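In the working numbering, each residue's number is its place in the sequence shown (first place is 1) plus 5.
Backbone N, C-alpha and C define an ideal beta-carbon position, used for all residues, glycine too.
Since we're looking at a predicted model, the values are computed, not measured.
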Amino acid sequence: MEEQYFTGLLELIGDKKFGFVRTLRHDLPKGELDPFVPPPMIKRFHLRDGVTIEGTAVPGKKGDMVIKTVEKVMGIPVDRWVKIPLDVNEPTIHPNEKWNLVTNAKDIPMRMIDIVAPIGKGQRAMVVSPPRSGKTMILHGIARGIHQNHPQAALVALLVDERPEEVTDFKRNIPA
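See the structure below:
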């Protein structure tokens, strides 16, 4: 095996001193050929858990792949990325741009959310409810509204402890 180009999501392991680059797919599968990211490289390039990175990898001593160069982090050239300050100690910025969720006049639940609990750009939410209470349909409506009314938005949905059929339905019907 020779030098290979890679792109993927960085997963830091254990005490976050080393990591692996996972394939960019819905389930982020662990693979035997996931490139290894050594600790000095993580420190030098200010890499954080969950960033996408691109670069080249070479075969290691044990047959695994080891990162040789990092060219881009989150789509930004690495020389520019290292100059971006970490915002861990900065104050949070609250959503200040309201997003409309209504896609048609008969969409009552989304209209209610727009009026009672509007959703803003950059907002995170945790939805907890008993099974069969309608949360999936509400989440579908929110995702559909954001996708149709704000196509420039990058929508991320994390479904924790959901039934497999709910996850499959989301993957098939929601452009997230």
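Determine the direct distance from the alpha carbon of residue j to that of residue i, and round the result to whole angstroms.
i	j	result
P90	K77	16 Å
A62	V75	9 Å
D69	G36	10 Å
T141	I47	38 Å
L14	I58	6 Å
G146	A130	14 Å
R53	L17	8 Å
G3	K103	Any question about residue 3 goes unanswered here, given that the chain covers just 6 to 181.
K73	R116	51 Å
Q157	K67	43 Å
I113	D166	28 Å
V132	G55	22 Å
A162	K176	10 Å
R149	G80	26 Å
Where do the N-terminal and C-terminal ends of the beta strand (DSSP E) with residue i fall, by residue?
i	result
I58	57-64
E171	Counting along the chain, E171 falls outside any beta strand (DSSP E), though it belongs to the alpha helix (DSSP H) covering 169-178.
R27	23-27
F11	9-18
Assuming residue i is part of the alpha helix (DSSP H), what are its boundary residues?
i	result
G150	140-154
K48	44-49
Which same chain residues, not among the five before or five after residue i, have their C-beta less than 6 Å away from its C-beta?
i	result
T12	E59
Q9	A62
V172	L164
Short of 7 Å in beta carbon distance, which residues of its chain neighbour residue i, apart from the five on each side in sequence? Order them along the chain.
i	result
P2	Nothing in the structure corresponds to residue 2, since the chain is present only between 6 and 181.
So, at 8 Å on beta carbons, what are the nonlocal neighbours of residue i in its own chain, with the 5 sequence-adjacent residues on each side left out?
i	result
P64	M6, E7, M70, V71
*asked:* Could you check whether the region 43-51 touches the region 18-29, counting it as contact only if at least three pairs of C-beta atoms, one from each stretch, sit closer than 8 Å?
replied: yes
*Do the region 72-88 and the region 111-120 make contact, defined as three or more Cβ pairs closer than 8 Å?*
no
_Restricting to runs no shorter than 4 residues, where is the alpha helix (DSSP H) found entirely within the region 67-122?_
83-86, 113-121
*Indicate whether the contact test is met: 3 or more Cβ pairs, each with one atom in the region 147-159 and one in the region 105-117, closer than 8 Å.*
yes
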